[in-house]
Amino acid sequence: MFYRTTTPSPLGPITLLSDEQALRGLWFADQHYFGAGYDLNQAADQATPVLTTAKRWLTAYFAGQQPTSDDLPLAPAVTTFRQRVLRVIASVPYGQTITYQAIAERLGQPSAVRAVGGAVGHNPLSIVIPCHRVVGSDGSLTGYAGGLDRKIALLTLEGADPQALATGKLRV
């Protein structure tokens with residue numbers, strides 16, 4: 049059984065989805081691939097310990113703290129390759145960025161940049177698995193399923209250089 053709730057955030061409402069054990073999804077209401085792979089209408093709209101923990105995590109994050117997902121079990125329903133990509137993204141420290149190319153290289157598949165991009169774009173656990181920290185090889189602020197404005201806001205919250213964000217390029 050799946051459970052869902054919607055919680056407010058400074059960047060708009062966020063829908064959370066879990067089962068009894070782990071967080072399965074975290075999406076902005078208007079983002080690309082919202083609820084992909086799930087029939088959210090079939091999920092029970094009720095609080096669970098996992099969803100309560102996820103809400104606390106988001107509250108801490110938007111307060112400028114640096115919460116870890118150690119106490120927040122995650123279970124994205126993605127392919128093995130995408131799981132590997134998400135693990136690399138999850139290892140990127142708060143306030144830092146990584147390029148699509150660097151992810152492909154860490155996976156030992158330097159020619160898989162496009163596949164990495166697909167995995168990043170379909171991340172079902174936005175913010176918690178911080179795909180907003182992924183940038184182009186030249187530091188350009190490339191797409192984000194939640195919208196480029198939200199990507200900029202999340203990077204700003206994490207201390208990214210405002211001048212670099214204004215030019216659309218971060219140092220990598």
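According to my numbering, the residues represented by the sequence shown are 49 to 220, in order.
Built from N, CA and C at the ideal position, the CB exists for glycine as well.
From a predicted model like this one, the values you see are computed outputs, not experimental measurements.
State the start and end residues of the unbroken beta strand (DSSP E) segment that holds residue i.
i	result
T225	Because the chain spans 49 through 220 in this model, residue 225 falls outside it and cannot be assessed.
I62	I62 to S66
G73	L71 to F76
Spatial neighbours of residue i within its chain, please: C-beta separation below 8 Å, excluding the five flanking residues on both sides.
i	result
G112	L205
A70	V98, P121, L122 and A123
R132	L155
Y107	At residue 107 the sequence reads Thr, which differs from the Tyr that was named. Closer than 8 Å at the Cβ level, and outside the excluded window around T107, lies no residue.
R135	none
Could you tell me how far apart the beta carbons of residue i and residue j are, in whole angstroms, since I believe they sit closer than 8 Å?
i	j	result
P124	R72	7 Å
V182	V168	5 Å
L120	V176	7 Å
P178	V140	6 Å
Y142	V164	Going by Cβ atoms, the distance from Y142 to V164 rounds to 21 Å, so no, they are not a contact pair.
Q79	G195	7 Å
S57	F110	6 Å
One question on the structure: do residue i and residue j come within less than 8 Å of each other, judged by their Cβ atoms?
i	j	result
A102	Y51	no
R160	A150	Just to set this straight, residue 160 is Ala in the shown sequence, not Arg. Contact: no.
S174	A201	no
F76	R198	yes
If you follow the alpha helix (DSSP H) that residue i is in, where does it begin and where does it stop?
i	result
I151	Y148 to R154
L99	P97 to F110
A138	T128 to A138
D118	D118 -> no alpha helix (DSSP H), and no H or E assigned at all.
A201	L196 to L205
G165	V161 to G169
Excluding sequence positions up to five away, which residues of its chain have a Cβ less than 6 Å from the Cβ of residue i?
i	result
L64	T53, L74, L99 and A102
T55	I62 and K103
S185	T147 and Q149
A138	I177
P158	A152
S117	V176
W105	P115 and L120
A207	Looking at the sequence itself, residue 207 is Gly, so the reference to Ala does not match. For G207, where only same-chain residues beyond five positions count, the Cβ hits under 6 Å are G143.
D209	none
Let me check understanding here. Comparing Cα to Cα, which of the options lies closest to residue i?
i	options	result
A95	L189, A138, Q144 and E68	E68
S66	T145, Q90 and H180	Q90
G166	T127, L203 and L189	T127
Verify the CB distance criterion: does residue i have a CB-CB separation below 8 Å to chain C?
i	result
I137	Going by chain labels, chain C is absent from the structure shown, which holds only one protein chain.
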